[in-house]
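Contents: one structure, followed by commentary.
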Amino acid sequence: MDVWKADVAIVGAGGAGLRAAIAAAESDPSLKIALVSKVYPMRSHTVAAEGGSAGVVQAHDSLEHHFHDTVAGGDWLCEQDVVEDFVARSTEEMVQLEHWGCPWSRKADGHINVRAFGGMKIERTWFAADKTGFHMLHTLFQTSIKYPSIRRFDEHFCLDLVVEDGRVQGVVVVDIASRRFTLIQANAVILATGGAGRVFRENTNGGIVTGDGMALAYRHGVPLRDMEFVQYHPTCMPGTGLLFTEACRGEGGFLLNRDGYRYLQDYGLGPAEPTPRNKAMELGPRDRLSQAFWYEQQKGRTIDGPHGAVVHLDLRHLGEAKLRERLPQIYELAEEFLGVDPAKTPIPVRPAVHYTMGGILVDGRCAAPLPGLYAAGECSSVGIHGANRLGSNSLAELCVFGKTAGVEAAAFAKSVAHGRADVLLKQAGASQQRALALVTDTSGTERIATLRKEMAQSMEDGCGIYRQADTMQATCDKLAELRERYRRVRVEDTSSVWNTEWLLAIELGYQLEVAQAMAWSALERRESRGAHQRLDGYGERDDVNFLRHSLAYHAGADAPRIGYGDVKITRSAPGTRAYGAAGEQAEKAEQERAAQPGPAGEAHRG
Amino acid sequence: MADTSDTGKRMRIEVLRYRPEQDAEPFLQGYDVPYSDDMSVLQGLQYIKDWLDGTLSFRWSCRMAICGSCGMMIDGEPRLACKTFLRDFPAGSVRVEALAHFPIERDLVIRMDDFLAKLESIKPYIIPKEARSLAQGEYLQTPAELDVYEQFSSCINCLLCYAACPQYGLNPDFVGPGIMALLHRYNADSRDGGASARMEVAGSEAGVFNCTAVGYCSEVCPKHVDPANAVNQNKTRAAGDYFLRLVTGKGGAK
């Protein structure tokens, strides 16, 4: 096994990993930074983000507004001190990207433009047409080339963390092209591996989004926080789950049921007006919109399609010119994948799994409870999304907390010395042997695709938009069965060059454990909040018992142990989450209440 | 056990296989895949991998023509497998091979470190024309100024244009269409002042003058980047630079 000595190792080279690498390199150019990715950086799934990235810029907007939108959007399960830090720094990060060349869409006067997004009171979503994630990713990747201290390990797959003497001291990686193993010795490790949406059947995610970093941290005793909160994006392509950005609605698109009726007005989001009003109707938050779809389906008001029930995303009234300018990728996706001209015909859509709100437990400095370990981006739970993420907060998160993770990990790395390589190598060798056993043991009988398909179907059945105890329990049971069968997984391919079947088997192992964390956290949360909605008598939010973060702890071959942690509340006491006209009334009442002298929000802490 | 509802339709997918540890040379292997009209070639390959032959290797991720992973030769043309549909091969068979002009690492996976090395060589980042602090906010850039380079910034690095370029096939030192588009993307950005530094590449022996203006690169580009246009604009610029050096002894290049 090769050994490469780094100061900071970063696993994942999407938006968060690249931003972390640049921050670490800038904080001290003498530090050696290893940037590991199982793909080339520009293939990372940040590339598929479409709509935009939040940062307050307009004179009539404020950090206070962004804070409140985010906390209420998250149904008060956010770490409010972290949200304060997030909204305060996101605009600077967007400007930083601009200086690095990101082709943000502009106003006629040359200033950057912003668009409306769901759950946001004022337009504050920076965008680069409808390819924002693509442009952010390529800008960060190409900019990272400036920094000679960043050594990339492209197409290297991460097999394990090396934990010795109570702290993380490196990672074990394998070169996909040659199956050469390397121990990257590092005094600080940042996980930036993205989400885990592929554990569900119908999802918007790329094939690489398999929860690798979550599983690695989890296996080493770091809890996964708030994993029951999985976001269904309301407007996705039937069958494949491919995403039609929320910007379609930010630009004025409608959602129609089988009668051509804007059904969201029946779900507390109205009134229906001809032009978009922020935080109302189609610009409500994603959890509410996906839930409304579910009810429409129950009522028989959806449309039957070859891949299940759909509703219509109607963009016709925006006209071809505007669609080509603001939503060019959406236009092409509809034309090429569905044969639909969105200027002439509504696009059939249905909800699909999009985003993992929970993740690796980290504090506001991106530090996990395991010394030396940091995490940023979708794989982490830094606490800004709560029970439901607002669209355009995740791209901003990559930058704000990618930078934090890079700076903090660099500082930590300088405070400790490298451990003994021989001790670490022994551990790394054991990790290598475990991974290789999947190809050397040819007695396996279980087909990878069968296990994966059963997992994904079971997650959809038990942990979908609406949940109840019996089906969640069935999913928990199924996952236990699948983990047992996984011990006999069969890898046909024994070669050492580009053995992707072997990697799929390892990824499936990660996925099954992350799926268990989701399903058990969901089963144990006996309330409804944000993206976790129950039909079995726990239909209301229960702040007395569940204004708490769930924490899933790995328990070997057994089901995870579920614990709970406090929610940090600074300025916003849990209130009624309302949108549309009801939201405006509630906000007015809130302002009047705030004008009265009284106890601060801390008194409401659960 | 099929992963798709069986429509009764079958597509013969012929795949160029090559496993360096066991195959002396590449060979075609055929698979019969059930398909429906909305299935992409990528989904066909995934079906093979999942249910027929786990040893077939290919790159893919986003499934929506933005990550750039799944470029391959499909019936002899460089295309993205995710947005090429099986319904468009009415004869009932399609041939899939690794991208032309690149060494095959295995099956449909090509070696692309040459592209990365070239990308790194062109300083693909803003070299500011004038310094600006974050506190000063964004650089102003009008929609017209954005429009000058925006199309070239849309390159997804899928390498289809390299597989289409006859010159790159003959001379792999040629910097090639995609990299020229990216080079031009920065040179043409109103915020950038680094064109002269990049001209070392554009005007070099491996630079723009290798292009024989076939234009096939732009034809196959899945994102309408039009790299041929970038190459042409830089031919003019590089020629001007060359002329300047002749008459004054100092050109834009260092």
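Those sequence lines, one after another, are chains U and F. Per my numbering, the very first residue in the first sequence carries number 1; after that it's consecutive. Per my numbering, the very first residue in the second sequence carries number 1001; after that it's consecutive. For every residue, glycine included, the Cβ atom is placed at its ideal position computed from N, Cα and C.
Proximity test, Cβ basis, 7 Å: residue i and chain F
i: Gly-17 of chain U; result: no
i: Glu-592 of chain U; result: no
i: Ala-343 of chain U; result: no
i: Trp-520 of chain U; result: no
i: Met-455 of chain U; result: no
i: Gln-142 of chain U; result: yes
i: Gly-195 of chain U; result: no
i: Lys-38 of chain U; result: no
i: Glu-527 of chain U; result: no
i: Val-349 of chain U; result: no
i: Lys-403 of chain U; result: no
i: Leu-242 of chain U; result: yes
i: Pro-234 of chain U; result: no
i: Ile-112 of chain U; result: yes
i: Trp-498 of chain U; result: yes
i: Ile-176 of chain U; result: no
i: Pro-103 of chain U; result: yes
i: Val-439 of chain U; result: no
Min CB distance residue i to chain U below 7 Å
i: Arg-1017 of chain F; result: no
i: Thr-1055 of chain F; result: yes
i: Glu-1219 of chain F; result: no
i: Glu-1200 of chain F; result: no
i: Lys-1223 of chain F; result: no
i: Gly-1137 of chain F; result: yes
i: Ser-1069 of chain F; result: yes
i: Glu-1150 of chain F; result: yes
i: Lys-1254 of chain F; result: Caution is warranted here: a pLDDT of 33 is assigned to Lys-1254 of chain F, below 50, making its placement in the model unreliable, and no coordinate value can be reported.
i: Glu-1077 of chain F; result: no
i: Arg-1106 of chain F; result: yes
i: Ser-1204 of chain F; result: no
i: Pro-1143 of chain F; result: yes
Neighbourhood of residue i by C-beta distance below 7 Å, restricted to the same chain and skipping five residues each side
i: Gly-308 of chain U; result: Pro-238, Arg-350
i: Trp-502 of chain U; result: Leu-438, Val-439, Val-491, Asp-493
i: Phe-1174 of chain F; result: Gln-1167, Tyr-1168, Ala-1206, Asn-1210
i: Gly-1044 of chain F; result: Met-1011, Ile-1013, Val-1033, Tyr-1035, Leu-1086
i: Arg-365 of chain U; result: Thr-404, Glu-408
Length of the line joining the Cα atoms of residue i and residue j
i: Lys-403 of chain U; j: Val-489 of chain U; result: 39 Å
i: Ala-474 of chain U; j: Ala-505 of chain U; result: 24 Å
i: Gln-1151 of chain F; j: Ala-367 of chain U; result: 40 Å
i: Ala-552 of chain U; j: Ser-521 of chain U; result: 7 Å
i: Leu-1099 of chain F; j: Gly-206 of chain U; result: 22 Å
i: Ile-1048 of chain F; j: Glu-1120 of chain F; result: 36 Å
i: Leu-512 of chain U; j: Leu-224 of chain U; result: 14 Å
i: Asp-1003 of chain F; j: Pro-1124 of chain F; result: Its pLDDT being 45, under 50, Asp-1003 of chain F is placed unreliably by the model, and nothing is read from it.
i: Thr-442 of chain U; j: Glu-296 of chain U; result: 49 Å
i: Met-1064 of chain F; j: Ala-589 of chain U; result: 45 Å
i: Leu-283 of chain U; j: Gly-73 of chain U; result: 12 Å
i: Ala-59 of chain U; j: Glu-481 of chain U; result: 56 Å
Neighbour-count burial assignment, residue i, 16 or more Cβ in a 10 Å radius
i: Phe-1027 of chain F; result: exposed
i: Met-1 of chain U; result: exposed
i: Gln-433 of chain U; result: exposed
i: Pro-369 of chain U; result: exposed
i: Lys-1250 of chain F; result: Bear in mind that a pLDDT of 46 at Lys-1250 of chain F, under 50, signals an unreliable position, so the number given afterwards is only what the model happens to contain. Exposed.
i: Asn-1171 of chain F; result: exposed
i: Glu-246 of chain U; result: buried
i: Gly-12 of chain U; result: buried
i: Leu-18 of chain U; result: buried
i: Asn-545 of chain U; result: exposed
i: Lys-1254 of chain F; result: Bear in mind that a pLDDT of 33 at Lys-1254 of chain F, under 50, signals an unreliable position, so the number given afterwards is only what the model happens to contain. Answer is exposed; the Cβ neighbour count stays below 16.
i: Lys-279 of chain U; result: buried
i: Asp-304 of chain U; result: exposed
Cut-off 6 Å between Cβ atoms - residues of its own chain near residue i, not counting five sequence neighbours on either side
i: Ile-190 of chain U; result: Ile-10, Ala-20, Tyr-374, Ala-405, Ala-409
i: Glu-592 of chain U; result: none
Of all the alpha helix (DSSP H) runs that stay within the bounds of the segment 203-256 of chain U, which reach a length of 4 or more residues?
212-219, 247-250
Every unbroken alpha helix (DSSP H) within the segment 1125-1211 of chain F, with a cutoff of 4 residues, ordered by chain:
1143-1150, 1160-1164, 1166-1170, 1177-1187, 1195-1202
So within the segment 40-111 of chain U, which uninterrupted alpha helix (DSSP H) runs reach at least 4 residues, ignoring any that extend past its ends?
63-73, 80-99
Within the segment 1010-1048 of chain F, note down every full beta strand (DSSP E) run reaching 3 residues or more, in order along the chain.
1010-1017, 1027-1034
4 or more residues per run - each alpha helix (DSSP H) lying fully within the segment 263-325 of chain U
286-298
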